[in-house]
Amino acid sequence: MIHFTDVNKWFGPLHVLNSINLHVKQGEVVVVCGPSGSGKSTLIRTINQLEAINNGTLIVDGMDLSDRKTDINKLRAEIGFVFQQFNLYPHLSVINNITLAPIKLRNLSRKDAEEQAMQLLTRVDLAEKRDAYPAQLSGGQQQRVAIARGLAMKPRIMLFDEPTSALDPEMIGEVLAVMQDLAKSGMTMVVVTHEMGFAREVAHQVVFMDAGTILEEAPPADFFCNPQHDRAKQFLNQLLTPMHGALCS
Amino acid sequence: MLSYKFDWSIILTGQYHDWLVSGLKVTLQLSVAGIILSFLLGLVVAVMRMSHLKVFRWSACVFLEFTRNTPLLVQIFFWYFGSYKLLPTVVNEWLNSTSFEFAAGLIALTIYTSAFIAEDIRSGVLSIPKEQMEAAQSSGFSYLRAMQFIILPQAVRITVPPLVNQFLNLAKNSSLAMTIGVMELTYQARQVESYTFKGFEAFTAATLVYLAISIIITFLVDQYNERVLKLHKAA
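These protein sequence lines map, in sequence, to chains A and B.
Heads up, my numbering is the position in the first sequence plus 563, with the first residue counted as 1.
Going by my numbering, the residue at position 210 of the second sequence is 206; the numbering climbs one at a time, nothing skipped.
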């Protein structure tokens, strides 16, 4: 579904992605973790070309991103993207945030689009907020609307860029629950997150990055119980000392 | 001792009153058409000015510099006395049979005002967080369609106060069209003065009418703005 082969990217002199090789199969959930500045956000943003790669090949859903002829807007319509800061459209109500793209890009009738949006809102448990504006919602609610907005285009892949990092602790759970539900439904997902509990429960593969390089890629049980790389061991120790036992069991 | 005798009746009834009313109609036509057209042209120029394509960016810059940095009166004369020389004779004959002065005045007012509107809208767009564009593009919107549905609606809302100023300027500047013979309000007030020597009454009337037009424009935009802001700030 997503195939990185020897992908490199620089921001000026900074080598943010260094010979990335990563393959995500259909229906797979991959969690990307690592210290800040390690390139995880850049990695996930290359998948829908919010960042362009400098060399290597990146094939997403059969489309080659290094090929200039690839219709990038068509590809993006097949990929849902959830941001750390939600980025809902503040001038539109919840329902219109969700129906805008299906109506304008998929030519759905307003009636059909709203019906579908209500199903999605029910799924993220926010049906009663259909006419609210983003500013009236809590962070957790906004992020669940953002997930519904992403799903409204019936994407084949969902990308999450630190979806819970801007949330108060008590709201993290509600967003993770929606994501877990989505993973169970067989959605192909790439998730950048520090929520190691989620990685342990839901991920098929955990990818650990540092300084633009993928240092480790393993199923969660292996990654948490038996990390190979020193940098990964150090990261896990710092991050999870109190929970480490729970993650490796 | 003041020898001037006020006679307000000439502007309230009769032929001179009718002149002023017909002038008001032309002023309103110029203002309403000018506001709509200059807003649309301003949107287009603003988007071109921010385009990724150099050709668009550069032509927008040239347009902006020319229109903002030359007097409106010169531009009105250019369109009325200058532009038609470049057109074929047939077109000229047809133009002479129409009210070309109205068209020339409207074109000049529209172009002149659109430059200021474009810059106001651009500053509005620049104040929208870039993540809004990223979110829109992630859903599959092209740059232009993201502008159309997501960025510009937000930008225009915060640009409303400076836009009101541009609309007011346009309505007031429409009086300059009298110089090329557009029979708008100021032209007619001048006519009434020439025929009656009642300059005080005629121009007082014109002044009050311009004041009323400006207050109405401000009121309408304020109403719109309040309705929109209420939605945003409901939280």
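Ideal Cβ positions, reconstructed from N, Cα and C, are used throughout, including at glycine.
Proximity test, Cβ basis, 9 Å: residue i and chain A
| i | result |
| --- | --- |
| A230 (chain B) | Since pLDDT at A230 (chain B) reaches only 45, below the 50 mark, its modelled position is unreliable, and the value read off the structure follows with that caveat. It does: the Cβ of A230 (chain B) has a partner Cβ on chain A nearer than 9 Å. |
| E274 (chain B) | With chain B covering only -3 through 231, there is no way to say anything about residue 274 (chain B). |
| E42 (chain B) | It should be noted that the sequence gives Ala, not Glu, for residue 42 (chain B). By this cut-off, A42 (chain B) is not an interface position. |
| F74 (chain B) | no |
| P125 (chain B) | yes |
| Q128 (chain B) | yes |
Cutoff 8 Å; reference residue i; Cβ partners in own chain excluding five residues on either side
| i | result |
| --- | --- |
| D569 (chain A) | S582, I583, N584, N618, G619, T620 |
| N571 (chain A) | H578, L580, N581, S582, I583, I616, N617, N618, G619 |
Cutoff 9 Å: residue i Cβ touching any chain B Cβ
| i | result |
| --- | --- |
| M750 (chain A) | no |
| G643 (chain A) | yes |
| A615 (chain A) | no |
| Q648 (chain A) | yes |
| P726 (chain A) | no |
| K517 (chain A) | Residue coverage of chain A in this structure runs from 564 to 812, which leaves residue 517 (chain A) outside it and unanswerable. |
Close Cβ partners of residue i (< 7 Å) along its chain, the five nearest in sequence each way excluded
| i | result |
| --- | --- |
| L33 (chain B) | T106 |
| A795 (chain A) | F771, L778, E779 |
| M129 (chain B) | A142, I147 |
| W15 (chain B) | Q184, Q187, V188 |
| M564 (chain A) | V587, K588, Q589, D624, I720, T751 |
| P790 (chain A) | E779, K796, L799 |
Contacts around residue i, its chain only, beta-carbon distance under 6 Å, and the 5 residues preceding and following it disregarded
| i | result |
| --- | --- |
| F98 (chain B) | V178 |
| I661 (chain A) | A680, A711, R712, A715 |
| H767 (chain A) | E591, V592 |
| P697 (chain A) | L651, P653, Q705 |
| K632 (chain A) | none |
| L69 (chain B) | L172 |
Residue i classed as buried or exposed, judged by whether at least 16 other C-beta atoms fall within 10 angstroms
| i | result |
| --- | --- |
| P665 (chain A) | buried |
| Y76 (chain B) | buried |
| I212 (chain B) | exposed |
| R64 (chain B) | exposed |
| V515 (chain A) | No answer is possible for residue 515 (chain A): it lies beyond the span of chain A, which begins at 564 and ends at 812. |
| S171 (chain B) | buried |
| V87 (chain B) | exposed |
| R223 (chain B) | exposed |
| E677 (chain A) | buried |
| V769 (chain A) | buried |
| V58 (chain B) | exposed |
| A231 (chain B) | Because A231 (chain B) sits at a pLDDT of 37, beneath the cut-off of 50, its placement in the model cannot be relied upon, and the point is left open. |
Closest by C-alpha distance to residue i, when choosing among the options
| i | options | result |
| --- | --- | --- |
| E180 (chain B) | B:L(-2), B:T23, B:G10 | B:T23 |
| Y206 (chain B) | B:L(-2), B:K168, B:R186, B:T214 | B:K168 |
| A784 (chain A) | A:Y652, A:K588, A:L745, A:G760 | A:G760 |
| S110 (chain B) | B:F215, B:L39, B:W54, B:T214 | B:L39 |
| L217 (chain B) | B:Q162, B:T66, B:G78, B:E197 | For clarity, residue 217 (chain B) is Val in the given sequence; the question names Leu instead. Minimum Cα distance to V217 (chain B) is reached at B:Q162. |
| L20 (chain B) | B:I209, B:N221, B:F215, B:Q219 | B:I209 |
| P576 (chain A) | A:G775, A:R608, A:G597 | A:G775 |
| Y12 (chain B) | B:Y220, B:F199, B:F215, B:Q219 | B:F199 |
Chain-ordered chain E contacts of residue i [CB-CB under 9 Å]
| i | result |
| --- | --- |
| L663 (chain A) | The chain inventory of the structure shown lacks chain E, comprising the protein chains A and B. |
Using 8 Å as the threshold, is the segment 669 to 685 of chain A in touch with the segment 150 to 166 of chain B, meaning 3 or more CB pairs across them?
With the cut-off at 8 Å, the segment 669 to 685 of chain A and the segment 150 to 166 of chain B do not touch.
Would you say the segment 4 to 13 of chain B touches the segment 190 to 200 of chain B, given that touching needs at least three Cβ pairs under 8 Å?
Verdict: yes, contact present.
Counting pairs of beta carbons, one from the segment 83 to 102 of chain B and one from the segment 169 to 183 of chain B, are three or more of them closer than 8 Å?
The answer is yes - the segment 169 to 183 of chain B touches the segment 83 to 102 of chain B, with three or more Cβ pairs under 8 Å.
Please determine if the segment 134 to 153 of chain B and the segment 116 to 124 of chain B are in contact, where contact requires at least 3 C-beta pairs separated by less than 8 Å.
Short answer: they touch.
For the segment 734 to 749 of chain A against the segment 695 to 712 of chain A, are there 3 or more C-beta pairs whose distance is under 8 Å?
They touch, by the three-pair rule.
Check whether the segment 723 to 732 of chain A touches the segment 756 to 776 of chain A, counting contact only when three or more Cβ pairs, one atom from each stretch, lie closer than 8 Å.
These segments touch.
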